[in-house]
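S.K.: FYI, in the numbering used here the residues of the sequence shown are 1015 to 1202. Glycine included, each C-beta is placed from N, C-alpha and C at the ideal position. Sharing a structure with you now.
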Amino acid sequence: MCRRFEEALAFHCGPALAGIKAANLVSLSRRDHPRCRELAEEYGALLSPRKIHLECLCSCGERVLLLVYREDRLARQLADPAVAAMLEQAGYPPGGDPAAMLGHLRRRLEAGGGFPHEMGLFLGYPPEDVRGFWENGGRNYKYSGVWKVYSDDVEGARAAFRRYSRCRDAICKRLAGGISLVQMFRAA
C-alpha cells in the first residue's frame, strides 16, 4: 500500500469513497505519484467488491486526472433526466450508460481544448449550478465552495459542503490512525 497515494485519495475523494457523493476528481502530479496508474489499478481491484472504482481519465503533461466513483451512485446521477438532457446537449451518447459516458468524457479530456465543465454533472453537482456556470462563464454565482452555486438553494449547498468536509476529515483521521483505505472501505 502507498501511504502518499492513500492520503491524496482520502483528502480529495473521501465523499465518493464513503458513498455520500457520486464521484470525486483528483489531479495528481506524476512527480509526486510516479506509480499513479499502477496504484489506481491495484486499489481499484481491491475496492471493486464495494463498487468503488478508480479510473484514470487523462494523463496530461505532468499530471494524471483520476476519477473515484461509486458505480451505483454515478449510474443514478447520470440517469437523472436533467443531467441526461444536459449531457446529451453537450454531445454525450443518449441512454446514460456510465461506461459510454466516461469513455466520451475521457475522449473530450484527451482532445484538449479546455476543461469540459460538464464534469460537474459526473461529480454530482446540481444541474442548475452546472448550467449557471456555463451560462455565466463562472461569474455571478451566489456562493462558492466545492462548486459555484447559482441556484436559490445556497443553504442546501452549504450543508453539502459541510457534510463533505466532515467526511473527508473523518477519513483522513482514520488514515492517520493507521487504518488503510482498503481496510476502511473493503470491509462490510
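(1) Taking only the alpha-carbon atoms, compute the straight-line gap between A1036 and N1150 and give it to the nearest angstrom.
(2) With burial defined as no fewer than 16 other Cβ atoms inside 10 Å of the residue's Cβ, what is the status of A1202: buried or exposed?
(3) To the nearest angstrom, how far is the alpha carbon of R1077 from that of A1024?
(4) For C1027, which residues of its own chain have a beta-carbon under 7 angstroms away from its beta-carbon, when the five flanking residues on both sides are left out?
(5) Taking C-beta to C-beta, are Q1091 and G1138 nearer than 8 angstroms?
(6) Are three or more beta carbon pairs between the stretch 1097-1110 and the stretch 1153-1163 nearer than 8 angstroms?
(7) State the DSSP-derived secondary structure class of L1023, mapped to helix, strand or coil.
(8) At what residues does the beta strand (DSSP E) containing C1074 begin and finish?
(9) Just mark R1122 as buried or exposed, buried being the case when its beta carbon has 16 or more other beta carbons within 10 Å.
M.R.: On the basis of the data shown:
(1) Counting from 1 along the sequence shown, the entry for residue 1036 is found at position 22. Counting from 1 along the sequence shown, the entry for residue 1150 is found at position 136. Taking the straight line joining both Cα atoms gives about 25 angstroms.
(2) Reading the sequence shown from its first residue, position 188 is the one you call residue 1202. With a pLDDT of only 43 at A1202, under 50, the local geometry of the prediction cannot be trusted, and the value read off the model is given with reservation. Exposed, since its Cβ has fewer than 16 Cβ neighbours within 10 Å.
(3) Your numbering for residue 1077 matches position 63 in the sequence shown. Your numbering for residue 1024 matches position 10 in the sequence shown. Distance between the alpha carbons of R1077 and A1024: 18 angstroms.
(4) What you label residue 1027 is simply residue 13 of the sequence shown in a count that begins at 1. Closer than 7 angstroms at Cβ, skipping near neighbours: N1038, V1040 and V1082.
(5) Position 77 of the sequence shown holds residue 1091. Position 124 of the sequence shown holds residue 1138. In this structure, Q1091 lies near G1138, with their beta-carbon atoms less than 8 angstroms apart.
(6) no
(7) The sequence position of residue 1023 within the sequence shown is 9, counting from 1. Here L1023 carries a helix assignment [DSSP, helix/strand/coil].
(8) By one-based count along the sequence shown, residue 1074 stands at place 60. That run of the beta strand (DSSP E) goes I1066 to C1074.
(9) Counting from one through the sequence shown, the residue named residue 1122 turns up at place 108. Around the beta-carbon of R1122, 16 or more other beta-carbon atoms lie within 10 Å, marking it buried.
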